[in-house]
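Residue numbers (the UniProt record's numbering): 1 to 128.
Below: the structure, in structure tokens.
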């Protein structure tokens, strides 16, 4: 299997929420949570090593975030199983988007990327 097909066999589902209680629109602070479920459809286990995000706010300001693992973990995801975690983002606008990729590895140490398609963060009533 080549590196591309390994990444294509990873399914990433995203659920987002606007956190009203933590947000302060008057101070241009809009807080969102996102829950991500990563499903490994490969026939071999994979480990999530790193994350790379591009977070774009409504002013087209892009914040780049890179780091090890997710929520302090570098989970191993067995074949046909899923790993879910919840994290958050703070924007200065009521709407924005996120996209990026996870860097993953096989037991043999073969690295590949699992792309994360763009998804929208929006407070209620931000999109009419």
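Backbone N, C-alpha and C fix where the C-beta goes; we use that ideal spot for every residue, glycine too.
Apply the 10 Å Cβ neighbour rule to residue i and answer buried if 16 or more other Cβ atoms are within range, or exposed otherwise.
i	result
residue 96	buried
residue 116	buried
residue 42	buried
Going by Cα to Cα distance, which pick from the options is closest to residue i?
i	options	result
residue 19	119, 31, 54 and 26	31
residue 122	108, 6 and 16	16
residue 119	92, 38 and 55	55
residue 105	14, 65 and 45	45
residue 189	29, 33 and 5	Residue 189 lies beyond the residue range present for the chain, which begins at 1 and ends at 128; the question has no answer from this structure.
Quick one: Cα of residue i to Cα of residue j, how far?
i	j	result
residue 67	residue 26	31 Å
residue 58	residue 93	6 Å
Assign residue i to one of three DSSP states: helix, strand, or coil.
i	result
residue 159	Here the chain has residues from 1 to 128 only, and residue 159 is not among them.
residue 7	helix
residue 55	strand
residue 74	coil
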